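Visitor:
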């Protein structure tokens, strides 16, 4: 079996991982987490979100986080910008990369951002224009690609339609999100095959939550097709504020352990990564969701 020799991990813990936490995580803790992740070798880190503080109060301090992290050569620091106002706020912080999100499910789009899929895509046009003008890279997310909490199964053709629209608009990469974590390997593989008919495989990324414990198996099935970018969250942090019951993202430690064991390089130091996950988990007063991290802790590592 042939896999990509190197996989880029997009660390989403500081944003997607923390956004659902009820207790506000201090800026110092967020900055320390981001620095620890960079120390471990992560080169793509989602550090915050310029959404309305009313809806996601955990991300209200994203501008301060950006101001305090140490920008390192070769590390991308991304923020989520759901609308033009959010993009302008991010631009004022001199960001080099932002992310946009759309849903493959009409019901989820209405419940999440109170508009249809078409309207959400239309909102992105002025953002893409401004991003091109300011030379800001844009990454696109598609949520609910393997199922919706309101509609159930989402047709792969609907996912491909949204993904291709984002790609045509100018998103350099499209991350496909199993928001509620219900996918299984054959379904995940079929989805990627369908979307890759419209968006080049090397522009696709996986963003799988682990609600039913299938995320690693789903990732493996897609790696066989040539996918080489995976979103994950240290210590398995996360959830979705608009999808009740959705558990955290697949744990970065678990993904790195699996990939390195397969001979696929990530450039990440697993020991330092595990330590970063343990530190943030202690702050949140719980054990890491990562099984690899727990194994390392049991061995005193």
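Residue numbers (my numbering): 1448 to 1748.
C-beta: ideal position from N, C-alpha, C; glycine also.
None of the values given here were measured: they were computed from a predicted structure.
1. Look at residue 1719 and residue 1475 and say whether their C-beta atoms are less than 8 Å apart.
2. Rounded to whole angstroms, what is the Cα-Cα separation between residue 1751 and residue 1459?
3. What residues in its chain sit with their C-beta under 8 Å from that of residue 1581, if we drop five residues either side in the sequence?
4. Could you give the distance in angstroms between the alpha-carbon of residue 1556 and the alpha-carbon of residue 1732?
5. Does the stretch 1564-1578 come close enough to the stretch 1641-1652 to have 3 or more Cβ pairs within less than 8 Å?
6. Here's the rule: buried if 16 or more other CB atoms are within 10 angstroms of the residue's CB, otherwise exposed. What is residue 1543?
7. Let's test the definition: count the other Cβ atoms within 10 Å of the Cβ of residue 1461 and tell me whether it reaches 16, buried, or not, exposed.
8. Of the residues 1746, 1609, 1724, which one's Cα is nearest the Cα of residue 1563?
9. Quick check: what's the CA-CA separation for residue 1470 versus residue 1505?
10. Quick one: is residue 1688 buried, meaning 16 or more other Cβ sit within 10 Å of its Cβ, or exposed?
11. Excluding the five sequence neighbours on either side, which residues of its own chain have a C-beta within less than 6 Å of the C-beta of residue 1519, listed in chain order?
12. Out of curiosity, what's the CA-to-CA distance linking residue 1449 and residue 1634?
13. Kindly indicate which three-state DSSP category residue 1577 falls into: helix, strand or coil?
14. According to DSSP, is residue 1480 helix, strand or coil?
15. With distances taken from CA atoms, which of 1736, 1510, 1551, 1696 is nearest residue 1642?
16. I need the straight-line Cα distance from residue 1699 to residue 1579, nearest angstrom please.
17. Evaluate contact between the stretch 1653-1664 and the stretch 1622-1631, counting only Cβ atoms and requiring at least three cross-stretch pairs below 8 Å.
18. Rounded to the nearest angstrom, what separates residue 1614 and residue 1583 at their Cα positions?
19. Starting from residue 1584, follow its DSSP beta bridges and name the residues at the other end.
20. Consult DSSP for residue 1669 and reduce its assignment to one of helix, strand or coil.
21. Identify every residue that forms a DSSP beta bridge with residue 1496.
22. Where do the N-terminal and C-terminal ends of the alpha helix (DSSP H) with residue 1721 fall, by residue?
23. Please determine, among 1502, 1507, 1560, 1495, the residue with the shortest C-alpha to C-alpha distance to residue 1546.
24. Relative to the C-alpha of residue 1658, which residue among 1675, 1630, 1477, 1492 is closest?
25. Using the C-alpha atoms, what's the distance from residue 1529 back to residue 1737?
26. Looking at residue 1715: is its Cβ nearer than 8 Å to the Cβ of residue 1726?
27. Would you list the one or two residues that DSSP bridges to residue 1589?
28. Quick one: give me the first and last residue of the beta strand (DSSP E) that residue 1458 is part of.
29. Who are the near neighbours of residue 1598 in its chain, counting only those whose CB is closer than 6 Å to its CB and skipping five residues on each side?
30. Going along the chain, which residues of its own chain have a beta-carbon closer than 7 Å to the beta-carbon of residue 1466, five neighbours each way excluded?
Guide: The answer reads as follows:
1. no
2. The shown model of the chain, from 1448 to 1748, leaves out residue 1751, and the question about it has no answer.
3. 1538
4. 33 Å
5. no
6. exposed
7. buried
8. 1609
9. 8 Å
10. Since pLDDT at residue 1688 reaches only 48, below the 50 mark, its modelled position is unreliable, and the value read off the structure follows with that caveat. Residue 1688 is exposed by the Cβ-count criterion.
11. 1485
12. 20 Å
13. helix
14. helix
15. 1551
16. 31 Å
17. yes
18. 15 Å
19. 1544
20. helix
21. 1527
22. 1717-1730
23. 1495
24. 1630
25. 29 Å
26. no
27. 1549, 1623
28. 1455-1458
29. 1552, 1554
30. 1496, 1503, 1505, 1506, 1688
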